[in-house]
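These protein sequence lines map, in sequence, to chains A and B. Under the working numbering, think of the first position of the first sequence as 188, with each following residue one higher. Under the working numbering, think of the first position of the second sequence as 188, with each following residue one higher. Idealized CB from N, CA, C, for every residue including glycine. Please read these numbers as outputs of a predicted model, since none were measured by experiment.
2 protein chains.
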Amino acid sequence: MPDFNPTRDSSLKSWVESANQPGCDFPIQNLPFGVISDRSNPVPRIGVAIGDQVLDLAVLEQVEILLADGSRAIFNQPILNPFIALRQNAWRETRAKITALLRDDNPVLRDNTSLCRRALLPIAGVSLHMPIDVRGYTDFYSSKEHATNVGSIFRDPKNPLLPNWAEMPVAYNGRTSSIIVSGTPVRRPQGQLMPPNSVRPVFGPCRMLDFELETAFIVGEGNVLGEPISIDGAEKHIFGMVLLNDWSARDIQRWEYVPLGPFNGKTFATSISPWVITMEALEPFRVQGPTQNPQPLPYLQQTGRHSFDIHLEVKLKPDGTGESTTITRTNFRHIYWSMAQQLAHHTVSGCNTRAGDLMASGTISGPEPESFASLLELTWNGQKPLELLNGGQRGFLEDGDNVTMTGWCQGDGFRVGFGEASGVVLPARL
Amino acid sequence: MPDFNPTRDSSLKSWVESANQPGCDFPIQNLPFGVISDRSNPVPRIGVAIGDQVLDLAVLEQVEILLADGSRAIFNQPILNPFIALRQNAWRETRAKITALLRDDNPVLRDNTSLCRRALLPIAGVSLHMPIDVRGYTDFYSSKEHATNVGSIFRDPKNPLLPNWAEMPVAYNGRTSSIIVSGTPVRRPQGQLMPPNSVRPVFGPCRMLDFELETAFIVGEGNVLGEPISIDGAEKHIFGMVLLNDWSARDIQRWEYVPLGPFNGKTFATSISPWVITMEALEPFRVQGPTQNPQPLPYLQQTGRHSFDIHLEVKLKPDGTGESTTITRTNFRHIYWSMAQQLAHHTVSGCNTRAGDLMASGTISGPEPESFASLLELTWNGQKPLELLNGGQRGFLEDGDNVTMTGWCQGDGFRVGFGEASGVVLPARL
Numbered sequence: 188m189p190d191f192n193p194t195r196d197s198s199l200k201s202w203v204e205s206a207n208q209p210g211c212d213f214p215i216q217n218l219p220f221g222v223i224s225d226r227s228n229p230v231p232r233i234g235v236a237i238g239d240q241v242l243d244l245a246v247l248e249q250v251e252i253l254l255a256d257g258s259r260a261i262f263n264q265p266i267l268n269p270f271i272a273l274r275q276n277a278w279r280e281t282r283a284k285i286t287a288l289l290r291d292d293n294p295v296l297r298d299n300t301s302l303c304r305r306a307l308l309p310i311a312g313v314s315l316h317m318p319i320d321v322r323g324y325t326d327f328y329s330s331k332e333h334a335t336n337v338g339s340i341f342r343d344p345k346n347p348l349l350p351n352w353a354e355m356p357v358a359y360n361g362r363t364s365s366i367i368v369s370g371t372p373v374r375r376p377q378g379q380l381m382p383p384n385s386v387r388p389v390f391g392p393c394r395m396l397d398f399e400l401e402t403a404f405i406v407g408e409g410n411v412l413g414e415p416i417s418i419d420g421a422e423k424h425i426f427g428m429v430l431l432n433d434w435s436a437r438d439i440q441r442w443e444y445v446p447l448g449p450f451n452g453k454t455f456a457t458s459i460s461p462w463v464i465t466m467e468a469l470e471p472f473r474v475q476g477p478t479q480n481p482q483p484l485p486y487l488q489q490t491g492r493h494s495f496d497i498h499l500e501v502k503l504k505p506d507g508t509g510e511s512t513t514i515t516r517t518n519f520r521h522i523y524w525s526m527a528q529q530l531a532h533h534t535v536s537g538c539n540t541r542a543g544d545l546m547a548s549g550t551i552s553g554p555e556p557e558s559f560a561s562l563l564e565l566t567w568n569g570q571k572p573l574e575l576l577n578g579g580q581r582g583f584l585e586d587g588d589n590v591t592m593t594g595w596c597q598g599d600g601f602r603v604g605f606g607e608a609s610g611v612v613l614p615a616r617l
Numbered sequence: 188m189p190d191f192n193p194t195r196d197s198s199l200k201s202w203v204e205s206a207n208q209p210g211c212d213f214p215i216q217n218l219p220f221g222v223i224s225d226r227s228n229p230v231p232r233i234g235v236a237i238g239d240q241v242l243d244l245a246v247l248e249q250v251e252i253l254l255a256d257g258s259r260a261i262f263n264q265p266i267l268n269p270f271i272a273l274r275q276n277a278w279r280e281t282r283a284k285i286t287a288l289l290r291d292d293n294p295v296l297r298d299n300t301s302l303c304r305r306a307l308l309p310i311a312g313v314s315l316h317m318p319i320d321v322r323g324y325t326d327f328y329s330s331k332e333h334a335t336n337v338g339s340i341f342r343d344p345k346n347p348l349l350p351n352w353a354e355m356p357v358a359y360n361g362r363t364s365s366i367i368v369s370g371t372p373v374r375r376p377q378g379q380l381m382p383p384n385s386v387r388p389v390f391g392p393c394r395m396l397d398f399e400l401e402t403a404f405i406v407g408e409g410n411v412l413g414e415p416i417s418i419d420g421a422e423k424h425i426f427g428m429v430l431l432n433d434w435s436a437r438d439i440q441r442w443e444y445v446p447l448g449p450f451n452g453k454t455f456a457t458s459i460s461p462w463v464i465t466m467e468a469l470e471p472f473r474v475q476g477p478t479q480n481p482q483p484l485p486y487l488q489q490t491g492r493h494s495f496d497i498h499l500e501v502k503l504k505p506d507g508t509g510e511s512t513t514i515t516r517t518n519f520r521h522i523y524w525s526m527a528q529q530l531a532h533h534t535v536s537g538c539n540t541r542a543g544d545l546m547a548s549g550t551i552s553g554p555e556p557e558s559f560a561s562l563l564e565l566t567w568n569g570q571k572p573l574e575l576l577n578g579g580q581r582g583f584l585e586d587g588d589n590v591t592m593t594g595w596c597q598g599d600g601f602r603v604g605f606g607e608a609s610g611v612v613l614p615a616r617l
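Written out as structure tokens, the structure is:
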């Protein structure tokens, strides 16, 4: 809201010098929340990234410089759920207090050397954990370009978009147990594959392993079973966003997904970035989403700017090479259905949501082939392999490949960055 | 295992007299686990049903007559998850101890009047809660008859069964947040409906509200991400079973489900019965499942008896009438894919499971029309309404309808019953 993020400019500075560098993901305008531990304190707890440092909120809570909701048991927790369950006013107050503590003109923490030594930790020395206990995971399918591409490849190039697509934010329930934090390796799955012209499937390692570049929002305030969230009130239920890699085994998926949707082709792993970017930090980067035609049914209608200008990239680094190739560049603003529309649709049946529910955007493919956000689309089902900078080619992912997603909102002299969601492919367990 | 359930006969008796009646769901051969509270102690805790009484395990734990795993903090819990996470040996030991305590020839509890007064509560006076915290919910589709019927109605009567169906236990991820315990009313959902010959969908209350009679098993011992559960070891991961009503909004489902599967048509409510029947109690009722043709791929192959003879019924009672009509009678043994095959398939990609995960069978339709297990099938998409005993008819469910599912295994002179999963339909929230 305007109070906390009045402008997109860089006039606000922190006494943490590294936060003021123009290319830094974590300036004082960002202040993302994560769960950290380090060698001196291996107990996971909540921290906020600032420059190349982490502010340990459990320490600030202990000395009562920072209390959320008057409680002393909110930040010394291994997950963000208790904090985000406090709802929007508490998030905003906490953010305002942290902003104040880190401003270059505030001496309270800046000049307290012994407290700084305990509360400010170099990011390079901390472990980053899953920031939330994900109670429910929903994956939407809200990029028109992606749905069109997949429909062309999997079904019918003449009628790629199904008739329900433009009427509702189509989605499916995902598997929560296999959501992992960036940096966790991903084992190539095995499963049933249907070779061309075969009568029966064979069993073996996936041969068409893929990523999907997505973002996800985290529900902050849930709703009661039977009581939908209206489109107008939906945004205040959203705590923040992360990057998400919806790892996909295309051959397993293709054989299994009719009629009940993707299952083993997706359930083996979903990676998220460790820092949750708050909606307050994203507020200055609001933009209008794509024009919606036909006009949605009334329960999905909204006016104004409900999308966000978030630049997104994927880098691929083969095993044993130092060289990464940026294989796609796209933007969240291409997503057709807004997060508010997604949440309104999800709950319109009466379905309840809970603090910590994760709701992914779907693959964020843009209109140009260079902005397609999966290998399935970039290589058109493996037919047009990508050229890598080290001379190699890729149809789908190979063992040892490291896939890294990054994203940021570009302000004037600073950026609100998402950090990264990365994972390396391990060989199948045979 | 043979130690605890040597026979299917009724020679084992309890000093709780009501447990020895032939029609009783909860004889000493059953001993299902649930979560209870009552007026004298409103804190939810774990109990075991015996006849028309509940044995309060928190009381027995407190006085150290019954300790699981040597701990005093397992039964005074609002969910079964900590107990079932102790794994199979602990379940069996606990069951053996409770069996011993309740046998007619054991005076320890029987003759301790003051302890009996505290530990034995009439079922009629207790509230039954959700027995588990469901971390993951998966709904299989493992009745060949149901898949054939739905394929005929929704797609193509000439090719109702899709080619993957006979090769794998097809499944989708369900929504955990809206799983409710028997007795909780179900609000008729609203959503997008596509009228025949219409160009665009309309929004409104579901007009084709349905039930699906299913059972579900509860995972007791999970597996680590990347390490599948093999078919041979799968059964020891299963704690027990419940009845499940997969409430379905057929009109919403039909319009939304291609290509990513059912979503709002299912996420508004799923009811389960409150008592978890252990696999030990079901052991004497093992039977061979249907012949599988083609022979499954090796990771799904098993020999021996891996199904169970569980008789299942659904009763429908319209609002304001005292009269219930039994509208279907079927049996779990019709299910084509065994629970072990379902679990092996679910994890073969490397997907991890956790104690408390719920995995539903899919609608248990039998071969005869009278054994179809949803109104969609029983009325053939509403075309052949059911006649009710009070003179009414049903195509799909009406407001005020009470749907009650029951199930039991018939022994010689006793039965292992599931209790019931019931719910009444409330009008849509307009």
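- Taking a C-beta cut-off of 7 Å against chain A, none of the residues of the segment 505-529 of chain B qualify.
- Counted as a single uninterrupted DSSP element, the stretch harbouring R541 of chain B is not any alpha helix (DSSP H), since DSSP gives it neither H nor E.
- One finds nothing in chain A with a Cβ atom closer than 8 Å to the Cβ of L431 of chain B; even the nearest lies about 16 Å away.
- For V203 of chain B, no beta strand (DSSP E) encloses it, and the DSSP letter there is neither H nor E.
- For the 8 Å CB-CB criterion, H521 of chain B and E401 of chain B do not form a contact.
- Rounded to whole angstroms, the gap between the alpha carbons of R259 of chain A and L273 of chain A is 13 Å.
- Below the 7 Å Cβ cutoff, chain A contributes Q379 and E443 as neighbours of M355 of chain B, in chain order.
- Note that the C-beta distance between P415 of chain B and V321 of chain B is not below 8 Å.
- Contact holds between the segment 440-458 of chain B and the segment 363-370 of chain B, because three or more Cβ pairs, one in each stretch, are under 8 Å apart.
- A527 of chain B has its alpha-carbon roughly 29 Å from the corresponding atom of Q440 of chain B.
- Sequence-ordered contacts of the segment 356-369 of chain A with chain B read V357, A358, Y359, N360, G361, R362, T363, S364, S365 and I367 [C-beta pairs closer than 9 Å].
- At a cut-off of 4 residues, the continuous stretches assigned as alpha helix (DSSP H) that sit fully inside the segment 382-452 of chain B are 437-443.
- Within the same chain, and ignoring the five residues on either side of E607 of chain A in sequence, the residues whose Cβ sits closer than 8 Å to its Cβ are S369, L430, S460, T591, M592 and T593.
- For T540 of chain A, the neighbours in chain B by C-beta distance under 7 Å run, in chain order, S364.
- Judged by pairs of C-beta atoms under 8 Å, the segment 573-584 of chain A touches the segment 507-524 of chain A, as three or more such pairs exist.
- Not a single C-beta of chain B is nearer than 8 Å to the C-beta of N568 of chain A.
- For F426 of chain B, the nearest beta carbon of chain A is not closer than 8 Å to its own beta carbon.
- DSSP, reduced to helix, strand and coil, places G610 of chain A within a strand of the structure shown.
- Flagged as an interface residue toward chain A: N451 of chain B, by a C-beta distance shorter than 8 Å.
- Sixteen is the threshold: since fewer than 16 other Cβ atoms of the shown chains lie within 10 Å of the Cβ of Q475 of chain B, the residue is exposed.
- As the crow flies, the alpha-carbon of F472 of chain A is around 14 Å from that of L499 of chain A.
- Beta-bridge pairing by DSSP links F495 of chain A to A:R473.
- The alpha-carbon separation between P614 of chain B and T540 of chain A amounts to approximately 21 Å.
- In the three-state DSSP reduction, W595 of chain A falls in the strand class (E or B).
- Distance between E248 of chain A and I285 of chain A, taken at the CA atoms: about 12 Å.
- At a cut-off of 8 Å, the C-beta of S339 of chain A has no neighbouring C-beta in chain B.
- At a cut-off of 3 residues, the continuous stretches assigned as beta strand (DSSP E) that sit fully inside the segment 511-572 of chain B are 512-518 and 545-547.
- With respect to the C-alpha of Q264 of chain A, the residue from A:L244, A:W278 and A:D343 having the closest C-alpha is A:L244.
- Proximity of G257 of chain B to chain A, defined by a Cβ-Cβ separation below 8 Å, is not satisfied.
- Counting along the chain, S301 of chain B sits inside the alpha helix (DSSP H) bounded by residues T300 to A306.
- Secondary structure at F220 of chain B: strand, using DSSP grouped into helix, strand and coil.
- With a threshold of 8 Å between beta carbons, G413 of chain B makes contact with chain A.
- Interface flag for P269 of chain A against chain B is unset, since no Cβ pair is found closer than 8 Å.
- Residues of chain A with a Cβ closer than 7 Å to the Cβ of G537 of chain B are, in chain order, R374, P376 and F455.
- Three or more Cβ pairs drawn from the segment 441-451 of chain A and the segment 440-454 of chain B lie within less than 8 Å of each other, which places the two stretches in contact.
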